[in-house]
Structure formats: structure tokens, C-alpha cells
Amino acid sequence: MLFRSLLKVISKHDGTKAANLAHFYAGICYLKLGDFNNAVKNLEAFSAKDEELLMRKYGSLGDAYAESGKNEQAIENYGKAASAFETDEAGSAEYLFRLAQLNDKLGKTKEAVEAFSAIKDKYPQTPRAAEVEKYLAKLGETKWDRKSTRLNSSH
């Protein structure tokens, strides 16, 4: 019911702030329903100045493109999401993590290492930062630090 109401707002009030925001919510609904083309269409139609909403827009676009197999567009949008609202450390770290994982999946090791390392360096207190070391180790970026007798990630 809510979903239909959003589409009605978009069609009847095109060009208004309400229709703009309805595009965002419709895009999220389409994403959750697995209709990635309509998710992209609505999320692209949404414009915002609010950094948090921009982060969510770009992150959701990244998800829709990744699910559609459009990996380069997903990478671009995850990067935009990670940098849109950097004071939201958990959100930025999450989108960097998705960016890193997608790069790893595509065999782009250097880019994956850069994104994982950025999480560790910029957002060390986030839940995703706690997972980074194992991914860096998988990518061959962990070495033995003889002085401290523990593992450290190299840069």
C-alpha cells in the first residue's frame, strides 16, 4: 500500500520536494523487491543536498548495480557513498567494505587493499574495522612484525 502511494506521489506531484523524496523511498523499495532497474531509475531521479541522504542514495545505487552485475557502476557509487558523509564513520566504513569486497571479487587486489586499509586507518573504531585484518591477510597484506611479535598489516 505504501509503495503504491509513493508511486502516486511521484506521478501526481512531479517536480516537487515530495515527489523527489518519494523517488528515494521507491528506489529503496524496488531494491528490496529485487527490481534493480527500477531501483536505479528512481534513485538516480532523487536529488539531495543532505550528506546522509546522499550516502544512502549512492550506497543503494551501488547495491542495485552490484546485484545487476554492473560492477564498474557499483564501484563508482560505493566510492561516492563512502566519501559523501565521512562523519558517519559506520556508514562510510560499510561502503568502503562493500567497495573492497567487490574489487576483491573482480580480482582488483590493489584497489581492494586500498579500501580495506582506508577502513582500518580512517575508521578504526567501527565494526567493519575489526574484520579488515583477515581480509588483508587473505590478500597477502599481512606480515610478521618481529619487534612486537604480532601480526601487522603493511601499507
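Just so we're aligned, residue -19 is where the sequence shown starts under the numbering used here, counting upward by one. Ideal Cβ placement from N, Cα and C applies to all residues, glycine included.
Asked, Found
"Any idea what DSSP makes of Thr89, helix, strand or coil?", "helix"
"Would a C-beta distance cut-off of 8 Å place Lys26 and Asn57 closer than the cut-off?", "A small correction: the amino acid at residue 26 is Phe; Lys does not occupy that position in the sequence shown. Contact: no."
"Relative to the alpha-carbon of Asn22, which residue among Glu111, Met35, Ala6 has its alpha-carbon at the smallest distance?", "Ala6"
"Using the C-alpha atoms, what's the distance from Phe(-17) back to Arg126?", "With a pLDDT of only 32 at Arg126, under 50, the local geometry of the prediction cannot be trusted, and the value read off the model is given with reservation. Rounded to whole angstroms, Arg126 to Phe(-17) spans 58 Å at the Cα level."
"Ignore the nearest five residues each way along the sequence and tell me which others in Glu47's own chain have a CB closer than 6 Å to its CB.", "Phe16"
"Check this for me: beta carbons of Tyr38 and Lys12, under 8 Å apart or not?", "no"
"Find out if the Cβ-Cβ distance for the pair Ile99, Ala64 is shorter than 8 Å.", "no"
"Give the secondary structure of Lys29 by DSSP, where H, G and I count as helix, E and B as strand, and everything else as coil.", "coil"
"I'd like the span of the alpha helix (DSSP H) that includes Glu113, first residue to last.", "109 to 118"
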